[in-house]
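Q: Just dropping this structure here.
Number of protein chains: 2
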Amino acid sequence: MKTIRQEFSVPFSYSVEFTENLFDPSNKLFAETVNPEHSGLKPNVLFVFDSGMYSCHPGLMNDITRYSNENNGSFSLVPEPVIIPGGERAKNDPGHVELIIDAIESADLDRHSYVAVIGGGAVTDTAGYAAAIAHRGIRLIRIPTTVLAQNDAAVGVKNGVNAYGKKNFLGTFTPPVAVLNDFSFLNTLSDRQWRAGISEAVKVALIKDRAFFEELEKNADALKLRDKDAMQSLIYRCAELHLEHISNSGDPFERGSSRPLDFGHWVAHKLEQLTDYRLLHGEAVAIGIVLDTIYSQLKGLISEEDCTRVIDLFRNCGFSLYVPELESNLEDPSDKQSVLHGLQEFREHLGGELTIMLLDRIGRGVEVHEVDLPLYRKAIDMLRSSEKELV
Amino acid sequence: MKTIRQEFSVPFSYSVEFTENLFDPSNKLFAETVNPEHSGLKPNVLFVFDSGMYSCHPGLMNDITRYSNENNGSFSLVPEPVIIPGGERAKNDPGHVELIIDAIESADLDRHSYVAVIGGGAVTDTAGYAAAIAHRGIRLIRIPTTVLAQNDAAVGVKNGVNAYGKKNFLGTFTPPVAVLNDFSFLNTLSDRQWRAGISEAVKVALIKDRAFFEELEKNADALKLRDKDAMQSLIYRCAELHLEHISNSGDPFERGSSRPLDFGHWVAHKLEQLTDYRLLHGEAVAIGIVLDTIYSQLKGLISEEDCTRVIDLFRNCGFSLYVPELESNLEDPSDKQSVLHGLQEFREHLGGELTIMLLDRIGRGVEVHEVDLPLYRKAIDMLRSSEKELV
Numbered sequence: 005m006k007t008i009r010q011e012f013s014v015p016f017s018y019s020v021e022f023t024e025n026l027f028d029p030s031n032k033l034f035a036e037t038v039n040p041e042h043s044g045l046k047p048n049v050l051f052v053f054d055s056g057m058y059s060c061h062p063g064l065m066n067d068i069t070r071y072s073n074e075n076n077g078s079f080s081l082v083p084e085p086v087i088i089p090g091g092e093r094a095k096n097d098p099g100h101v102e103l104i105i106d107a108i109e110s111a112d113l114d115r116h117s118y119v120a121v122i123g124g125g126a127v128t129d130t131a132g133y134a135a136a137i138a139h140r141g142i143r144l145i146r147i148p149t150t151v152l153a154q155n156d157a158a159v160g161v162k163n164g165v166n167a168y169g170k171k172n173f174l175g176t177f178t179p180p181v182a183v184l185n186d187f188s189f190l191n192t193l194s195d196r197q198w199r200a201g202i203s204e205a206v207k208v209a210l211i212k213d214r215a216f217f218e219e220l221e222k223n224a225d226a227l228k229l230r231d232k233d234a235m236q237s238l239i240y241r242c243a244e245l246h247l248e249h250i251s252n253s254g255d256p257f258e259r260g261s262s263r264p265l266d267f268g269h270w271v272a273h274k275l276e277q278l279t280d281y282r283l284l285h286g287e288a289v290a291i292g293i294v295l296d297t298i299y300s301q302l303k304g305l306i307s308e309e310d311c312t313r314v315i316d317l318f319r320n321c322g323f324s325l326y327v328p329e330l331e332s333n334l335e336d337p338s339d340k341q342s343v344l345h346g347l348q349e350f351r352e353h354l355g356g357e358l359t360i361m362l363l364d365r366i367g368r369g370v371e372v373h374e375v376d377l378p379l380y381r382k383a384i385d386m387l388r389s390s391e392k393e394l395v
Numbered sequence: 005m006k007t008i009r010q011e012f013s014v015p016f017s018y019s020v021e022f023t024e025n026l027f028d029p030s031n032k033l034f035a036e037t038v039n040p041e042h043s044g045l046k047p048n049v050l051f052v053f054d055s056g057m058y059s060c061h062p063g064l065m066n067d068i069t070r071y072s073n074e075n076n077g078s079f080s081l082v083p084e085p086v087i088i089p090g091g092e093r094a095k096n097d098p099g100h101v102e103l104i105i106d107a108i109e110s111a112d113l114d115r116h117s118y119v120a121v122i123g124g125g126a127v128t129d130t131a132g133y134a135a136a137i138a139h140r141g142i143r144l145i146r147i148p149t150t151v152l153a154q155n156d157a158a159v160g161v162k163n164g165v166n167a168y169g170k171k172n173f174l175g176t177f178t179p180p181v182a183v184l185n186d187f188s189f190l191n192t193l194s195d196r197q198w199r200a201g202i203s204e205a206v207k208v209a210l211i212k213d214r215a216f217f218e219e220l221e222k223n224a225d226a227l228k229l230r231d232k233d234a235m236q237s238l239i240y241r242c243a244e245l246h247l248e249h250i251s252n253s254g255d256p257f258e259r260g261s262s263r264p265l266d267f268g269h270w271v272a273h274k275l276e277q278l279t280d281y282r283l284l285h286g287e288a289v290a291i292g293i294v295l296d297t298i299y300s301q302l303k304g305l306i307s308e309e310d311c312t313r314v315i316d317l318f319r320n321c322g323f324s325l326y327v328p329e330l331e332s333n334l335e336d337p338s339d340k341q342s343v344l345h346g347l348q349e350f351r352e353h354l355g356g357e358l359t360i361m362l363l364d365r366i367g368r369g370v371e372v373h374e375v376d377l378p379l380y381r382k383a384i385d386m387l388r389s390s391e392k393e394l395v
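Quick mapping for you: the protein sequence lines, in order, are chains A and B.
Each residue of the first sequence is one higher than the last, beginning at 5 in our numbering.
Each residue of the second sequence is one higher than the last, beginning at 5 in our numbering.
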């Protein structure tokens with residue numbers, strides 16, 4: 005009997021919006037997003053809050069309730085939000101996904117209902133995963149509240165939680181219905197959170213956009229001093245570059261072995277785990293980028309001068325670029341305590357050939373399929389020495 | 005700041021193959037499927053078995069091991085298969101998904117590795133779900149072993165498990181890499197399993213293909229007597245119609261409110277639950293189809309003569325078309341013990357407007373958005389009377 009060949013394409017589309025004071029009753033963005041046709045069938049909306057965000061905005065659920073009342077007819081609010089811890093803890097405890105799924109079930113949400121998640125990237129990842137698997141997909145609105153979530157983690161197509169000590173071991177590729185970036189949430193971020201999100205912008209500038217890198221160099225002081233305009237401009241361009249990559253890469257759901265947007269991330273993921281998530285994701289990414297940049301220079305790719313510019317940019321923004329975990333069990337890449345074991349874990353997540361992004365020059369990445377471990381050890385050594393000189 | 009609009013399409017393709025003796029070393033289909041390019045990087049393959057199937061084929065793992073050895077170089081076999089119970093029990097216990105995820109993790113499977121699941125539709129659904137969420141998607145090969153799985157459950161794009169007493173509450177839309185229909189597994193099916201799968205063929209014939217319905221009428225005796233050719237022809241055409249619908253519907257991932265392939269299924273899902281899964285899915289679907297057909301006739305859609313043909317076809321194939329659970333709490337559609345509560349549960353799964361498929365005539369369905377409950381009670385009454393006359 006003849007083979008039956010099944011072929012079809014599924015179109016995905018969503019908007020990334022930029023606003024302030026999203027739940028001011030006069031701001032119609034949220035109401036228009038959940039009910040663009042002003043349908044009389046009001047969709048149910050369940051909110052998921054990041055507890056860190058919520059502690060800085062204790063009046064938020066009242067604001068949302070007032071917003072819902074004053075935009076009467078656009079949606080039906082589930083009265084109780086689900087509250088889960090912010091940061092990587094959100095993704096480490098399977099109980100958080102269960103909490104959200106329980107609430108989806110209790111509220112009788114269906115595929116035309118919404119989960120609206122407000123928080124950092126770990127919380128948007130967790131809620132996105134829960135929404136993706138309930139009824140094979142509840143509609144998701146991400147309202148990211150950190151720099152890193154607004155410019156990277158919450159604008160893309162992935163969700164996930166950690167399991168077996170492995171980052172994002174469980175998850176799906178499920179685009180959201182919309183991303184609503186509300187800049188007013190940035191005001192209450194700690195200095196560490198404010199800064200940490202800058203590293204994803206440096207990353208994408210380094211591999212894709214030299215002019216953006218130069219803008220970041222120019223704005224480094226302003227960014228450090230929490231200048232809002234500089235940060236909004238950074239977030240916009242960084243989000244735009246990430247989104248362009250996803251739609252233009254030809255592989256939005258990562259079936260191949262290449263993950264260019266994960267420049268610096270094999271080190272970063274491993275360091276987050278080795279430091280028991282003491283490092284914020286963006287802080288670990290900064291170290292990962294710098295290490296892969298020094299390695300690129302040792303491999304004869306990027307120039308020494310450009311390498312120094314990368315390190316200086318991070319320092320000018322206030323990053324620390326060394327943690328002692330970089331050197332634990334460095335001699336044995338098969339040891340899970342060694343940062344070099346991160347190479348294997350990175351390959352394993354996608355499978356296929358090891359594929360690491362390095363820098364050819366500022367603004368252009370280059371993929372390689374093998375690494376020189378002694379040279380990585382040298383790069384770590386150089387990084388430690390140069391950071392010690394600073395102190 | 006200007007909205008960033010994200011748009012892209014994701015192409016999906018897979019083959020549905022028909023074969024016998026898949027793990028005979030001379031049959032190259034499986035080896036070609038997991039490693040079409042004869043790559044030296046042998047992909048890992050983890051098998052998941054339906055315990056019901058495995059008890060009928062106790063030598064299967066040995067056969068697979070021999071197959072793997074004799075097709076040396078095409079894949080790397082994970083030595084221990086995961087074995088989970090067949091039937092709806094597979095989907096009711098969250099422990100089964102965990103077992104499979106544990107095995108995926110232990111075997112270090114990645115996105116270029118395969119989960120190959122051999123069993124009935126409930127087991128292919130459970131393993132498909134586990135594979136879909138691990139690393140955001142391990143490649144899945146379905147090797148369905150029942151009529152119902154070969155012609156319907158395992159050829160499409162869905163997976164899922166039950167939760168909160170709700171059918172398929174957790175799941176994703178994730179197409180497989182391939183479906184390998186091995187007819188030799190049908191020989192060991194019980195008569196009930198053999199028969200149950202026929203109802204999905206009747207379903208798709210009724211809503212889409214009058215000529216296929218007439219072929220089923222002609223073959224009813226042969227099907228009842230377990231004629232292999234008649235059954236292979238039924239499976240092929242039924243799978244083909246399901247696949248055509250998925251690729252031509254314009255909504256393969258069911259974002260709208262319409263589920264034409266779920267003709268008869270609102271009753272079926274509810275009856276499976278009310279009978280505590282004593283009914284096989286296909287047995288419940290037969291009752292659901294007949295009930296919606298009688299209702300269609302009472303609504304003045306399908307003719308009385310055609311309605312009788314539908315009932316006769318099921319009877320000629322050996323189906324029983326009545327269970328006492330049809331009449332429990334029939335007066336109160338808001339009671340979860342009432343089969344009429346199934347309407348609400350059916351709507352809830354997709355959300356949006358209630359959309360039920362009825363029959364305009366044999367070969368053509370018609371969607372309606374409201375139902376006449378007293379008329380459904382009358383249809384149930386008629387079904388009971390007509391079945392009692394038979395005894």
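Glycine included, every Cβ here is placed at the ideal spot set by N, Cα and C.
For residue 327(A), name the three-state secondary structure that DSSP assigns.
A: Reduced to three states, the DSSP call for residue 327(A) is coil.
Q: Does the stretch 308 to 320 of chain A come within contact of the stretch 241 to 252 of chain A, defined as at least 3 CB pairs closer than 8 Å?
A: Not touching, per the Cβ criterion.
Q: Residue 149(B) to residue 232(B), Cα distance in whole Å?
A: One C-alpha to the other measures close to 14 Å.
Q: Is residue 265(B) close to chain A? Criterion is C-beta to C-beta, closer than 7 Å.
A: Closer than 7 Å: no.
Q: Looking at the C-beta of residue 114(B), does it have a partner C-beta in chain A at a distance below 7 Å?
A: Yes - at least one Cβ of chain A is within 7 Å of the one on residue 114(B).
Q: Which residues in the same chain have their Cβ closer than 6 Å to the Cβ of residue 192(A), if we skip the five residues on either side of it in sequence?
A: Cβ within range, chain order: 60.
Q: Taking the alpha helix (DSSP H) that residue 149(A) belongs to, which residues open and close that run?
A: Here residue 149(A) belongs to no alpha helix (DSSP H), and DSSP marks it neither H nor E.
Q: Given a threshold of 16 other Cβ atoms within 10 Å of its Cβ, counted over all protein chains shown, does residue 201(B) qualify as buried or as exposed?
A: Burial call: buried.
Q: Is the Cβ-Cβ distance between residue 46(A) and residue 80(A) less than 7 Å?
A: Yes.
Q: Going residue by residue through the stretch 71 to 113 of chain A, where are the continuous alpha helix (DSSP H) segments of at least 4 residues, counting only ones entirely within it?
A: Within the stretch 71 to 113 of chain A, the complete alpha helix (DSSP H) runs of at least 4 residues are 93 to 96 and 98 to 110.
Q: What residue ranges within the stretch 219 to 266 of chain A form continuous alpha helix (DSSP H) runs of no fewer than 4 residues, ordered along the chain?
A: 232 to 252, all fully within the stretch 219 to 266 of chain A.
Q: Taking the Cβ atom as the reference point for each residue, do residue 49(A) and residue 38(A) lie within a distance shorter than 7 Å?
A: Yes, Cβ-Cβ distance for residue 49(A) and residue 38(A) is below 7 Å.
Q: For residue 215(A), count neighbouring Cβ atoms within 10 angstroms of its own Cβ and tell me buried if that reaches 16, exposed if not.
A: When all chains shown are included, residue 215(A) counts as exposed.
Q: Note down, in chain order, every chain B residue with its Cβ under 8 Å from the Cβ of residue 7(A).
A: Correct list: 19, 20, 21 and 22.
Q: Cα separation between residue 171(B) and residue 185(A)?
A: Rounded to the nearest angstrom, the two C-alpha atoms are 36 Å apart.
Q: Tell me the DSSP bridge mates of residue 361(A)?
A: The partner list for residue 361(A) (beta bridge, DSSP) reads 371(A).
Q: According to the Cβ coordinates, are residue 299(A) and residue 391(A) closer than 7 Å?
A: The answer is no: Cβ separation not under 7 Å.
Q: So with Cβ pairs under 7 Å, would you call residue 194(A) a contact of chain B?
A: Output row for residue 194(A): interface = no.
Q: In angstroms, rounded to a whole number, what distance separates the CA positions of residue 109(B) and residue 218(B)?
A: Distance between the alpha carbons of residue 109(B) and residue 218(B): 49 Å.
Q: Assuming the contact rule is C-beta atoms closer than 8 Å, residue 345(B) and residue 357(B) should be a hit. Round their C-beta distance to whole Å, please.
A: Going by Cβ atoms, the distance from residue 345(B) to residue 357(B) rounds to 18 Å, so no, they are not a contact pair.
Q: Which value, in whole angstroms, describes the spacing of the CA atoms of residue 111(B) and residue 206(A)?
A: So the two alpha carbons sit approximately 36 Å from each other.
Q: What does the Cβ neighbour count give for residue 11(A), buried or exposed, with the cut at 16 atoms within 10 Å?
A: That one is exposed.
Q: Run down chain B in chain order and give the residues with a C-beta less than 9 Å from the C-beta of residue 38(A).
A: Under the 9 Å cutoff, chain B gives no residues; its nearest Cβ is about 13 Å from residue 38(A).
Q: Looking at the C-beta of residue 219(B), does it have a partner C-beta in chain A at a distance below 7 Å?
A: It does not; no Cβ of chain A falls within 7 Å.
Q: Please go through the same chain and pick out, in chain order, the residues whose beta-carbon is closer than 8 Å to the beta-carbon of residue 371(A), but skip the five residues on each side of it.
A: Once the five neighbours on either side are set aside, the close Cβ partners of residue 371(A) are 262, 264, 359, 360, 361 and 362.
Q: Quick one: residues in its chain with C-beta nearer than 6 Å to the C-beta of residue 315(B), no 5 flanking neighbours on either side, listed in chain order?
A: Excluding sequence neighbours, residue 315(B) sits near 294.
Q: Which same chain residues, not among the five before or five after residue 250(A), have their C-beta less than 7 Å away from its C-beta?
A: These residues qualify, in order along the chain: 160, 161 and 256.
Q: Can you find the residues in the same chain that come closer than 7 Å, C-beta to C-beta, to residue 77(B), ignoring five residues on each side of it along the sequence?
A: Same-chain partners within the cutoff: 46.
Q: Just to confirm the assignment, what range does the alpha helix (DSSP H) spanning residue 344(B) have?
A: Looking at the DSSP string, residue 344(B) is not in any alpha helix (DSSP H), and its letter there is neither H nor E.
Q: Should residue 51(A) be flagged as near chain B, meaning a C-beta pair shorter than 7 Å?
A: False, the Cβ-Cβ gap to chain B never drops below 7 Å.
Q: To the nearest angstrom, how far is the alpha carbon of residue 128(A) from that of residue 92(A)?
A: Going by the C-alpha atoms only, they are around 11 Å apart.
Q: List the residues of chain A whose Cβ lies closer than 8 Å to the Cβ of residue 343(B), in chain order.
A: Simply none; closest approach about 19 Å.
Q: Would residue 145(B) and residue 118(B) qualify as a contact pair, given that the criterion is a beta-carbon distance under 7 Å?
A: In contact: residue 145(B) and residue 118(B) (Cβ atoms closer than 7 Å).
Q: For the beta strand (DSSP E) containing residue 120(B), name the first residue and the last one.
A: Element bounds for residue 120(B): 118 to 123.
Q: List the whole-angstrom C-beta distance separating residue 124(A) from residue 153(A), where the pair is believed to meet the contact cut-off of C-beta under 8 Å.
A: Confirmed, Cβ separation roughly 5 Å.
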